[in-house]
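Written out below as structure tokens is the structure these notes cover.
In our numbering, the protein residues as written are 39 to 104.
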């Protein structure tokens, strides 16, 4: 399973990379791809608490770049 977030920024921006680094600092790995997208590859089997933790990390990381 793959999913992605599309950011509202220029495709040449470093913001997706910086957000990925911030998420890594919080314990979630993601990869910037195609300029303004951040790709995730969660496991096929994931517990609800793990999903909620990942969503919190994504939200907290994005808020730092408002």
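Don't be surprised by glycine CBs; every beta carbon is placed ideally from N, CA and C. The model shown is predicted, which means the values in this text are computed figures rather than measured ones.
Exercise for review: Express the C-alpha separation of residue 50 and residue 88 in angstroms, rounding to a whole number.
Suggested key: Sequence index remark: in the chain shown, residue 88 carries index 50 (1-based). Sequence index remark: in the chain shown, residue 50 carries index 12 (1-based). If I take the Cα positions, the gap works out to 32 Å.
Point to revise | Sequence-distant residues of the same chain with beta carbon closer than 7 Å to residue 60, five excluded per side | key: Sequence index remark: in the chain shown, residue 60 carries index 22 (1-based). Within the same chain, residue 60 has close Cβ partners 99, 102.
Check your understanding: Who does residue 75 pair with in a DSSP beta bridge?
Key -> Walking along the chain shown from the start, residue 75 turns up at place 37. The partner list for residue 75 (beta bridge, DSSP) reads 44, 71.
Review point. When you compare only the Cα positions, how much space is there between residue 67 and residue 86?
Key: Within the chain shown, residue 67 is the residue found at index 29, counting from 1. Within the chain shown, residue 86 is the residue found at index 48, counting from 1. Spanning the two alpha carbons is a distance of roughly 18 Å.
Check your understanding: Nearest-angstrom Cα distance between residue 40 and residue 94?
Key -> Within the chain shown, residue 40 is the residue found at index 2, counting from 1. Within the chain shown, residue 94 is the residue found at index 56, counting from 1. If I take the Cα positions, the gap works out to 18 Å.
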